[in-house]
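Below is one structure, written out as structure tokens; comments come after it.
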Amino acid sequence: WSPTELSGKPGESTIRKHLRSAYQPVPSGSRPTRPTLAEAHRGVIRRVNVPAGIKVVALTFDLCEQPYEISVYQGDIVDYLRSERIPATFYASGKWLLTHPTRAEQLLAEPLYEMGNHAWEHRNFHVLETARMATEIVGAQHAFAMVHRRLTARGCFRTSPNSKTVAATPVPRNFRFPFGACRADAIKAGNDEGLRIIQWDISSADPWRGQTVKGMVTAVVDRVRPGSIVLFHANGRGWKTGAALPINI
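Residue numbers (the numbering used here): 325 to 573.
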């Protein structure tokens, strides 16, 4: 893609809700390959212990989308990360990948970014019936695999001996619960699909409309420490994230 094609567009910034036409059936087909998950990685990961003196944190951005809405792509956030060469992880609903096909390809193809599974259509796993959990998790894996196949067919994953492109894996290795909500059988369902469950220890509180830029900076900078996993949104619900992010970083 050219720089113009990659950059955010004003028309992408409006969330559309209560649309019957926004509904997408869960993708079907042969089950994507389950990655092997080490026993030590089962359960929930909220932060990572790092060696003393190593100052590193994970910046993560949720791309949520519910059944009857079309959420958005906040280009100002992605453009800033790309221009400053800042690595980040995006947790995308499988449905979001299908309603934003070009942006999904651009994110998945970008070596700076890692992509994670955020379930099919952002249902609450704390109250979700157990039988539906695998559908939500695997449906999103199918959506990721579809995007990966398109990129592979276009030659977007050509590698070199020095390349290290985490985003090029056919399906994500990490999963984040919608709303951060779960229970024991939900954690087991994610782990049984070979997925590490990555939550967070620092929230920017950016989906709250009352949050200010100053409040978001305080919420992150005053509490962050090496190994923290920081939660933001880039789907139209990061109301002031674009303004706060450069200050936070």
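All residues carry an ideal CB built from backbone N, CA and C; glycine is no exception. Computed from a predicted structure; not experimentally measured.
Query	Result
N498: buried (16+ other C-beta within 10 angstroms of its C-beta) or exposed?	buried
From this set, A428, L422, S528, which residue's C-alpha is nearest V321's C-alpha?	A query on residue 321 cannot be resolved here, the shown segment of the chain reaching from 325 to 573 and no further.
Does the stretch 369-381 touch the stretch 397-413, meaning 3 or more C-beta pairs lie closer than 8 Å?	no
Helix, strand or coil for L452 per DSSP?	coil
Using a Cβ-Cβ cut-off of 7 Å (strictly less than) and excluding sequence neighbours within five positions of H446, which residues of its own chain qualify?	C388, E389, Q390, S417, P502
When the Cα atoms are used, what is the spatial distance from D400 to E336?	11 Å
Answer yes or no: do A469 and P494 have a C-beta to C-beta separation smaller than 8 Å?	yes
Can you tell me whether N559 is buried or exposed, with buried defined as 16 or more other CB within 10 angstroms of its CB?	buried
Where do the ends of the beta strand (DSSP E) carrying N441 lie?	437-441
Nearest by alpha-carbon distance to A362: which of G518, S528, E434, V544 is it?	G518
Would you decide whether T413 is buried or exposed? Buried here means 16 or more other CB atoms lie within 10 Å of its CB.	buried
Provide the residue(s) that pair with D546 in DSSP beta bridges, ordered along the chain.	In the DSSP output, where bridge partners are listed per residue, D546 has none listed.
Any idea if G479 is buried or exposed, counting beta-carbon neighbours within 10 angstroms, 16 or more meaning buried?	exposed
Should G367 and I553 be called a contact, given that it needs their Cβ atoms to be closer than 8 Å?	no
Taking all protein chains shown into account, do 16 or more other C-beta atoms lie within 10 angstroms of the C-beta of V545, making it buried, or fewer, making it exposed?	exposed
With a cut-off of 8 Å on the beta carbons, I'd call L396 and T338 a contact; round off their distance for me.	Looking at the sequence provided, one finds Val at residue 396 rather than Leu. That belief holds up - the Cβ atoms of V396 and T338 are roughly 7 Å apart, short of 8 Å.
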